[in-house]
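Novice: Okay, here's the structure, questions in a sec.
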Amino acid sequence: MEMRSATIMTRKSLLVGSGLGLLALITGCGKSAAVAPVPSPSTPAAPHAWSYDGAEGPGQWGALGSDFGSCSSGTAQSPIDVGGASGLTPAPLTLAYSASEGELTDNGHTTELRALTAQGITVGGKQYAFKQMHFHAPSEHTLEGVQYETEFHFVHQADDGGLAVVGILATVGATNAAWAPFTDGVPAAADGQKVAAGVVDFPALFPASLDHFAYDGSLTTPPCSEGVRWLLLETPVELGAGQLAALRAAHAGNNRPVQQLNGRDVVVVDQ
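Read in order, the letters of the sequence shown correspond to residues -11 to 259 in this note's numbering.
Written out as structure tokens, the structure reads:
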């Protein structure tokens, strides 16, 4: 796949999928039919060893434990290749973030950032509390086959247990001061210690535009539980080459391959 380091190409005016299942999901109360039990909001500390390569890699996840079955048998898995947009605007995204002290931890598969004060989002009137942010390098989602340098996942959970993940793609460019508390702290967190990130300007981590692609998917790590509301921002953020190198030095190749769409709708939300 081509690696992307520029801006996103012009969208195609097409609807990925044919039904209105996603529209019902993101305009209603956030429930989806026949989904797995609500998954953990963070990368699971699963009892089964898993990896991103070899005998415990993505192609084998479903066989590593009975609770990993969705990784191989699920029909609404993430990540996916986003190939188009419908122009519909069913459920706008609103941020409820502010500057906060942060804390970094490494779970062996990625580095996570948590806020020490409450943060969150609202999607179509439903509130979700921020749980943690982590990264994958290179990106897990692709846009029309184009892969990005890094992808950040902001994981949120509603009072009813439902999950909403905001994905932000990253390209190489100028050093990004807003992201420095995270990228500077990643090397220290790799030792397994909790690392104080200092004050993180959480709103500045997001691009200026919140236009995004929305679809119904899953966790991208075992147990690959489905019923996750995905919001992949269309506009990437820029990070410096050194910042991206720091992420890769800690965790390179921690990306699950794209999964089959299986008739799901992918809707663009213009804001």
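Just so you know, even glycine gets a beta-carbon here, dropped at the ideal spot from N, CA and C.
1. Can you check the segment 135 to 218 for any alpha helix (DSSP H) of at least 4 residues that lies completely inside it and give the ranges in chain order?
2. Using the three-state DSSP reduction, which class does Ala84 fall into: helix, strand or coil?
3. Assuming Asn243 contacts Ala64 under a Cβ cut-off of 8 Å, what Cβ separation, rounded to an integer in Å, is found between them?
4. What separation, rounded to the nearest whole angstrom, lies between the Cα atoms of Thr110 and Leu83?
5. Would you identify the three-state DSSP class for Leu52, choosing helix, strand or coil?
6. Quick check on the DSSP output: the beta strand (DSSP E) that includes Gln115 runs from which residue to which?
7. So, for Cys17: in the same chain, excluding its five sequence neighbours on each side, which residues have a beta-carbon less than 6 Å away from its beta-carbon?
8. Need the endpoints of the beta strand (DSSP E) that Gly108 sits in, please.
9. Going by DSSP, name the residue or residues bridged to Gly228.
10. Could you check where the beta strand (DSSP E) with Arg102 kicks off and where it finishes?
11. Does DSSP put Gly90 in a helix, in a strand, or in coil?
12. Determine the contact status of Val188 and Gly90, defining contact as a CB-CB distance below 8 Å.
13. Going by beta-carbon coordinates alone, are Val134 and Val254 separated by less than 8 Å?
14. Helix, strand or coil for Leu220 per DSSP?
15. Is it buried or exposed, Gln259, if we count other Cβ atoms within 10 angstroms and call 16 or more buried?
Specialist: The structure says:
1. DSSP runs (the alpha helix (DSSP H)) wholly in the segment 135 to 218: 168 to 177.
2. As a working note, residue 84 is residue 96 in the sequence shown. Three-state result, Ala84: strand.
3. Here residue 243 corresponds to residue number 255 of the sequence shown, with the count starting at 1. Here residue 64 corresponds to residue number 76 of the sequence shown, with the count starting at 1. Taking a contact as a CB-CB distance under 8 Å, the pair Asn243 and Ala64 does not count as one, their CB atoms being some 19 Å apart.
4. On the sequence shown, residue 110 is found 122 positions in, with the first residue counted as 1. On the sequence shown, residue 83 is found 95 positions in, with the first residue counted as 1. One C-alpha to the other measures close to 7 Å.
5. Stepping through the sequence shown from its first residue, residue 52 is reached at position 64. Coil.
6. Taking the sequence shown and counting its residues from 1, one reaches residue 115 at position 127. Where Gln115 is concerned, the enclosing beta strand (DSSP E) stretches over Lys114 to His124.
7. Stepping through the sequence shown from its first residue, residue 17 is reached at position 29. Confidence at Cys17 is low in this model, with a pLDDT of 33, below 50, so its placement is unreliable and no value can be given for it.
8. Taking the sequence shown and counting its residues from 1, one reaches residue 108 at position 120. Here the beta strand (DSSP E) through Gly108 covers Gly108 to Val111.
9. For this step, residue 228 is matched to residue 240 along the sequence shown. The partner list for Gly228 (beta bridge, DSSP) reads Gly161.
10. In the sequence shown, counting from the first residue as 1, residue 102 sits at position 114. Residues Thr99 to Ala103.
11. To locate residue 90, count along the sequence shown from 1; it is residue 102. Note: Gly90 maps to strand in three-state DSSP.
12. On the sequence shown, residue 188 is found 200 positions in, with the first residue counted as 1. On the sequence shown, residue 90 is found 102 positions in, with the first residue counted as 1. Going by C-beta atoms, Val188 is nearer than 8 Å to Gly90.
13. Walking along the sequence shown from the start, residue 134 turns up at place 146. Walking along the sequence shown from the start, residue 254 turns up at place 266. No, Cβ-Cβ distance for Val134 and Val254 is not below 8 Å.
14. One-based indexing of the sequence shown puts residue 220 at position 232. If DSSP states are grouped into helix, strand and coil, Leu220 belongs with the strands.
15. Counted from its first residue, the sequence shown places residue 259 at position 271. Around the CB of Gln259, fewer than 16 other CB atoms lie within 10 Å, so the residue is classed as exposed.
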